Amino acid sequence: MGLRASADYSFAGSTVSDLGNTACRQVRGDVLCSPWHAGMNVAFVWFGCTLLVGALLIGSRLLEGRSGTVAVVAWCVSGVGSIGVGLFPVNEDAAAHGLVALPIFVAQPLAVALMGVSLRGTRPRASTAAFVVAAVSLVGAIGFGVTVGSDSGAIGALERLALWPGYLWVSAFAIGSALGGLVGPRRHAQHRT
């Protein structure tokens, strides 16, 4: 959908939320129009719903201990936030949009890191990968937070750095777990984390 947006839309300088704009607007000096805004907002809601369901499925089958439980809650917060982003396009209600989007940038790096803690005893390679991804996401989230409200030409890149590594990692983890063995053999933990 980004390729179908106005010529001023930039994957580095425009946010993903800009693709949900229901009308053209000027943002950071650019005129942004998203002719497929309805599809993008439905995609935000759909993605949030699948994130919720996926978190519950992964949590019930693969994550152990309190860290696993809190990871599931954090993924659910991220999913609810994505639903809210689709229901409150930034150009229609910036305050509501910001309120539902902000928790995603806190919850997602936390969710990935807590999955790393939960998987430490059963899937050490997946645990290590989770910590690396969480660190990358945290750097992106901090960078995004610093650039929100500025004229930064990197705001879109930082937003994507904050979110996409976690989405890709949890998807690869879930698919690998479903196929068995792609993320390492599962061993029974000696203790719960």
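Just so we're aligned, residue 1217 is where the sequence shown starts under my numbering, counting upward by one. Even for Gly, the Cβ is constructed at its ideal location relative to N, Cα and C. Please read all numbers here as calculations on a predicted model, not as lab measurements.
Buried or exposed for residue i, please, with buried defined as at least 16 other CB atoms from any protein chain shown within 10 angstroms of its CB.
| i | result |
| --- | --- |
| PHE1227 | exposed |
| VAL1348 | exposed |
| LEU1268 | buried |
| THR1231 | buried |
| GLY1229 | buried |
| HIS1404 | No answer about HIS1404 holds up, because its pLDDT of 48 lies below 50 and its placement is not dependable. |
Determine, using beta carbons only, whether residue i and residue j come nearer to each other than 7 angstroms.
| i | j | result |
| --- | --- | --- |
| MET1331 | ALA1287 | yes |
| VAL1316 | VAL1306 | no |
| ALA1357 | PHE1389 | no |
Using the three-state DSSP reduction, which class does residue i fall into: helix, strand or coil?
| i | result |
| --- | --- |
| LEU1246 | It should be pointed out that residue 1246 corresponds to Asp in this sequence rather than to Leu. Three-state DSSP puts ASP1246 in a strand. |
| ARG1241 | strand |
| ASN1257 | helix |
| TRP1385 | helix |
| PRO1305 | coil |
| GLU1280 | coil |
| ASP1367 | coil |
| PRO1319 | helix |
| ALA1228 | coil |
Report back the beta-carbon spacing between residue i and residue j to the nearest angstrom; my notes put them in contact at under 8 angstroms.
| i | j | result |
| --- | --- | --- |
| GLY1264 | SER1250 | No, GLY1264 and SER1250 are not in contact; Cβ-Cβ is about 19 angstroms, not under 8 angstroms. |
| PHE1260 | SER1298 | 5 angstroms |
| ALA1290 | ALA1342 | Actually they do not touch by this definition, with Cβ atoms about 17 angstroms apart. |
| SER1334 | SER1387 | Actually they do not touch by this definition, with Cβ atoms about 17 angstroms apart. |
> So does the stretch 1271 to 1278 actually touch the stretch 1303 to 1317, counting three or more Cβ pairs closer than 8 angstroms?
Replying inline: no
> Does the stretch 1373 to 1393 come within contact of the stretch 1322 to 1331, defined as at least 3 CB pairs closer than 8 angstroms?
Replying inline: yes
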